[in-house]
Amino acid sequence: GAVVSQHPSWVICKSGTSVKIECRSLDFQATTMFWYRQFPKQSLMLMATSNEGSKATYEQGVEKDKFLINHASLTLSTLTVTSAHPEDSSFYICSAERGRGLGNEQFFGPGTRLTVL
Amino acid sequence: LAKTTQPISMDSYEGQEVNITCSHNNIATNDYITWYQQFPSQGPRFIIQGYKTKVTNEVASLFIPADRKSSTLSLPRVSLSDTAVYYCLVGDHSSASKIIFGSGTRLSIRP
């Protein structure tokens, strides 16, 4: 099946620093990728839709200047958490959409655990 | 976007068949029904997808009645490793479209 990777798998940083998370579709091209955030014992919350070659579309309540998304190629999207604070600590998951005959299917990355001290 | 409703949690035993039902009363004509499985600290994993009637793969079966207002994920002969959160998603998969996760069903399998 299709594979989506994320790097790093976990990161610990100091408050005020910026952290970049990469999402790659390894064996297919994805014009659309999605970024989610998940807090403990909660469901995934969609943060933004990342489109190759254009600006990301953010969900209501998600600060676009804090969570910078760049979809530079058909296989790579990056999420940068700028000036991270402890409340940004969460599990960040990306997904990439692959078209199929009957419809599109989303493949999820393994997630990145961000801990801000 | 069609909203989905699932039981918050379910318990079962190894070897049993588990059926998780999801309600999606406002499902649209172009919407597909997709189920994902998520283990702790991992990304969701695709289980099965369907549009109507019944779909079966090597992992599960998906039953969708004619009105498509609900669907049932059936896991045959579960094992301890099936303990996970299961999400029912409804979305227009004919084009790039965001999918909103509901609360999911936390399934616990006991020996």
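Chains as they are written, first to last, in the numbering used here: chain B, 32 to 148; chain D, 79 to 189. Glycine residues also receive a C-beta, built at the ideal position from the N, C-alpha and C atoms.
*How about G182(D) and V168(D): do their beta carbons lie closer than 7 angstroms?*
no
*Could you name the residues of the stretch 72 to 98 of chain B whose beta carbon sits closer than 7 angstroms to any beta carbon of chain D, in the order they occur along the chain?*
S74, L75, L77 and T80
*Quick one: grab the DSSP three-state call for D58(B).*
coil
*Could you tell me whether the stretch 111 to 122 of chain B touches the stretch 79 to 87 of chain B, using the rule of 3 or more Cβ pairs below 8 angstroms?*
no
*Applying the criterion that 16 or more other CB atoms from any shown protein chain within 10 Å of the CB defines a buried residue, is A127(B) buried or exposed?*
buried
*Using the C-alpha atoms, what's the distance from L99(B) back to T107(D)?*
34 angstroms
*When you compare each of W113(D), V137(D) and I126(D) to E95(D) by their alpha carbons, which one comes out closest?*
V137(D)
_Bridge partner(s) assigned by DSSP for I98(D)_ = L151(D)
_I'd like the span of the beta strand (DSSP E) that includes F70(B), first residue to last._
It is not in any beta strand (DSSP E) - F70(B) carries neither H nor E in the DSSP assignment.
*What are the partner residues of L145(B), as DSSP defines its beta bridges?*
V42(B) and S121(B)
_According to DSSP, simplified to helix, strand and coil, what is D170(D)?_
DSSP places D170(D) in strand when its eight states are reduced to three.
*Kindly indicate if chain B contains any beta-carbon less than 7 angstroms away from that of Q120(D).*
yes
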